[in-house]
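**Q** Protein sequence lines, in the order shown, are assigned to chains X and F. Be aware that the first sequence starts at 1, since it is given in our numbering, and climbs by one per residue. Be aware that the second sequence starts at 1001, since it is given in our numbering, and climbs by one per residue. Cβ atoms here follow ideal geometry from the backbone N, Cα and C, with glycine treated the same way. Source: prediction; values computed, not measured. Let me give you the structure first, and then I'll get to my questions.
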Amino acid sequence: MAEYPMITAKITKIQKEGGKATTYELAHEFNAEPGQFIMLWLPGTGERPMGVSDNNPMTLTVAHVGTFTDEMKKLNEGDVLSFRGPMGHGFTLPEKPGKILVVAGGTGVVPTHLLAQKAKKDGHKVYVVVGAKTKADVCYEKKFKKIADELLISTDDGSKGFKGNAVQAAEKMIKKHKVDAVYSCGPEKMMRFLAELCKKEKLPCQLSLERYMKCGIGICGSCMIGNKRVCKDGPVFNGEALLTSKEFGKSKRDAGGRKIDL
Amino acid sequence: MIETKLFGKKTKNPTILASGILSVTKESLERVAFEGAGAVTTKSLTPDSRKGHEGPNIIEVDCGLLNAMGYPNPGIKDGLKEFEDWKMKEPLIISIAGKDEKEFSELASAVEKSKTKCTAIEAVISCPHTPGYGLMAGQSDPESVGRITSAIKKKTKIPLIIKLSPSTPGEVAAAKEAEKAGADAINMGNTVGPGMKINIERKKPEIGFGCGGLSGPAMKPIALRCVYDIYSEVKIPIIGTGGITTGEDMIEYMMAGASYVGIGTAIHYRGMSSFRRISNEAATWLESHGYNNIKDIIGVAHG
């Protein structure tokens, strides 16, 4: 039997998000651990890794950044989506209830939302930073408000919330709430700065990475960072370990395997 | 017990990472060597960079995987640079894929002149799912195999492995032509097929390319039979590849006539430590059956 059979489910709701992203709710109860991902299949177009922000109903939020995600604009409520998963190794929450900080940049809100939900359920205090370039790019404000003990929105231009980047906002929250652990998904350069901050503050941090993925099941080797497979060993890695990588926040591989700058 | 030699170079066991699996980057190959592979093979390199087919690229089927990658690679120049300074003691095999003997001879020449030091070149002429290459270009026909082998041998003194297909009739004749033209080893073989899976909900083939090569336990009896038949007719060593998941599978292939075994899909079932586990299981079997050298079982099924 297949470990990752293709699942097909109907889209029940399509909703616009900040940053021109779109949220798709599916008539499906899923079982992803926070940080795990799916391989989403659009017949005739291809297959791409996507995060999951809610299990029930299963929810995806997609930034339209290329041909694959542009193709998704054609979908309507009542159409179906097909996917395999959940795949990969997700976030691990502290065993004892404590205080955690979640830092989401852009559509990094997706896996971190599922994490915040679980953390809250497990009895943790959950503090959240949602970073964006500008007010119009902010995603998941309402969703995080429902969960967070405090939500700090940061925009680079100061058009909403804290003026500055997400790492500066995170620093403020770390100092204010004396958190025990930090979790993040967002632009990799931002996460590199965040990992450095956490190292300085002696805080454990877990970061979710993105790489070009072809198989999702740990076979093809297209998503390597150092000697780790992002799809199978990750996508969530320990921040301190990542800081020893020459590639983290610096370079990735293209579809053909060539090294390119981030 | 299971130590052997690959073209004069000592290896800790006869397992070789099959091309196309976890072989895009040097650090990936280093990890595979660390996880127990006796030797490793790079992703197949073509003259220019290729993105490969659109996904899904690899899907699960009963007892195996179907894949249609379409040779994604950065091209021979950047590819060779990627694998420069290979310092591990496990031999490095560079896989090349050309559209015709001219491309193959250019690729061989590039490897010969490169600073990247490898133990062998593997020429793959048997991919079942990439237009212009392998089976889709008739490269596995015995006459074509001979021409491609000669063209490569003219350009390089590096030992040459020819990777054949278990899917086309005439595989024994193809192996004989490769040997006659100077090949130093045969790899039997590539994936079987192409095969197909249709997603009945979407009413469409599930592999992006439509069809793909079958690997894993489902194809083992076919590649194993090919190894057996080729062993009867050629003297050069054979790498047996196809569905090897346990130590017993490895013993079986070696009894059929393989001197080495290629491993890939096993990683899906048993993780990256498959190499170590399969080797250890084979060693245990040998010990319990009174053997003290794995070479003593090569070809014994031919009695």
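(1) Return yes when the Cβ of T1015 of chain F is within less than 7 Å of the Cβ of F1209 of chain F, no when it is not.
(2) State whether the stretch 1042-1055 of chain F contacts the stretch 1076-1088 of chain F, with contact taken as three or more CB pairs (one from each stretch) at a distance under 8 Å.
(3) Could you please tell me which residues of the stretch 1092-1122 of chain F, in chain order, have their CB closer than 7 Å to any CB of chain X?
(4) List the DSSP bridge partners of V1261 of chain F.
(5) Can you find a CB in chain F that lies within less than 7 Å of the CB of K214 of chain X?
(6) If the cut-off is 8 Å on Cβ atoms, which residues from the stretch 4-28 of chain X count as contacting chain F, listed in chain order?
(7) Among all the DSSP beta bridges, which residues are the ones paired with M50 of chain X?
(8) Taking only beta carbons into account, state which residues of the stretch 1042-1057 of chain F come closer than 8 Å to chain X, listed in chain order.
(9) What is the DSSP secondary structure of D1062 of chain F, counted as helix, strand or coil?
(10) At a CB-CB cut-off below 7 Å, which residues of chain X make contact with D1078 of chain F?
(11) Within 7 Å of any Cβ in chain C, is that where the Cβ of P1194 of chain F sits?
(12) Below 8 Å on the Cβ atoms is my guess for K1153 of chain F versus A1181 of chain F; work out the distance and round it to an integer in Å.
(13) Could you name the residues of the stretch 1267-1288 of chain F whose beta carbon sits closer than 7 Å to any beta carbon of chain X, in the order they occur along the chain?
(14) With 16 as the cutoff for other CB atoms within 10 Å, does T155 of chain X come out buried or exposed?
(15) Given 8 Å as the limit, is there contact between the stretch 1080-1092 of chain F and the stretch 1283-1297 of chain F, that is, 3 or more CB pairs closer than that?
(16) In chain order, what residues of the same chain lie with their CB nearer than 6 Å to the CB of K214 of chain X, ignoring the 5 residues before and after it?
(17) For the putative contact between V129 of chain X and E141 of chain X, defined by C-beta atoms under 8 Å, what is the C-beta separation to the nearest angstrom?
(18) Would you say P187 of chain X lies against chain F (beta-carbon separation less than 7 Å)?
(19) May I ask you to report which of helix, strand or coil DSSP gives V130 of chain X?
(20) Can you name the residues of chain F whose CB is closer than 8 Å to the CB of S82 of chain X?
(21) Assess, as a yes-or-no matter, whether the stretch 1183-1201 of chain F is touched by the stretch 19-37 of chain X under the definition of 3 or more beta carbon pairs within less than 8 Å.
(22) Would you mind telling me which residues of chain F sit closer than 7 Å to M72 of chain X, beta carbon to beta carbon, in chain order?
(23) Closest Cβ-Cβ distance between A255 of chain X and chain F: below 7 Å?
(24) Using a Cβ-Cβ distance cut-off of 7 Å, determine whether M190 of chain X contacts chain F.
(25) Would you give the residue range spanned by the beta strand (DSSP E) that N1280 of chain F belongs to?
**A** In this structure, then:
(1) Numbered from its first residue, the second sequence carries residue 1209 of chain F at position 209. Numbered from its first residue, the second sequence carries residue 1015 of chain F at position 15. No; because the gap between Cβ atoms is not below 7 Å, this pair is not in contact.
(2) yes
(3) none
(4) Taking the first residue of the second sequence as 1, we reach residue 1261 of chain F at position 261. Answer is F:T1015 and F:G1240.
(5) On the first sequence, residue 214 of chain X is found 214 positions in, with the first residue counted as 1. True, the Cβ-Cβ gap to chain F drops below 7 Å.
(6) Y4, P5, M6 and T8
(7) Locating residue 50 of chain X in the first sequence gives position 50, counting from the first residue. DSSP lists X:I38 as partners of M50 of chain X.
(8) K1043, S1049, R1050, K1051, G1052, E1054, G1055, P1056 and N1057
(9) The residue given as residue 1062 of chain F occupies position 62 in the second sequence. Note: D1062 of chain F maps to coil in three-state DSSP.
(10) Residue 1078 of chain F sits at position 78 when you count from the first residue of the second sequence. Within chain X, the residues near D1078 of chain F are R258.
(11) The displayed structure is made up of protein chains X and F, and chain C is not among them.
(12) The sequence position of residue 1153 of chain F within the second sequence is 153, counting from 1. The sequence position of residue 1181 of chain F within the second sequence is 181, counting from 1. Sure, about 7 Å apart at Cβ, within 8 Å.
(13) Per Cβ criterion, the list reads I1267 and H1268.
(14) Position 155 of the first sequence, counted from the start, is the residue given in the question as residue 155 of chain X. Taking a 10 Å sphere around the C-beta of T155 of chain X, we find 16 or more other C-beta atoms and assign the residue as buried.
(15) no
(16) Here the question's residue 214 of chain X lines up with position 214 in the first sequence. Within the same chain, K214 of chain X has close Cβ partners C220 and S222.
(17) As a first step, residue 129 of chain X must be located in the first sequence, where it is residue number 129. As a first step, residue 141 of chain X must be located in the first sequence, where it is residue number 141. Actually they do not touch by this definition, with Cβ atoms about 12 Å apart.
(18) If you number the first sequence from 1, residue 187 of chain X lands on position 187. No, P187 of chain X does not count as interfacial toward chain F.
(19) Indexing the first sequence from 1 puts residue 130 of chain X at position 130. Strand, per DSSP.
(20) Your numbering for residue 82 of chain X matches position 82 in the first sequence. Under the 8 Å cutoff, chain F gives N1199, E1201 and R1202.
(21) no
(22) By one-based count along the first sequence, residue 72 of chain X stands at place 72. Residues of chain F passing the Cβ test: none, with the nearest at roughly 15 Å.
(23) Residue numbering aside, residue 255 of chain X sits at position 255 when the first sequence is read from its first letter. Closer than 7 Å: yes.
(24) If you number the first sequence from 1, residue 190 of chain X lands on position 190. With 7 Å as the cut-off, M190 of chain X does not count as an interface residue toward chain F.
(25) In the second sequence, the residue the question calls residue 1280 of chain F occupies position 280. No beta strand (DSSP E) holds N1280 of chain F; the alpha helix (DSSP H) holding it covers S1274 to S1288.
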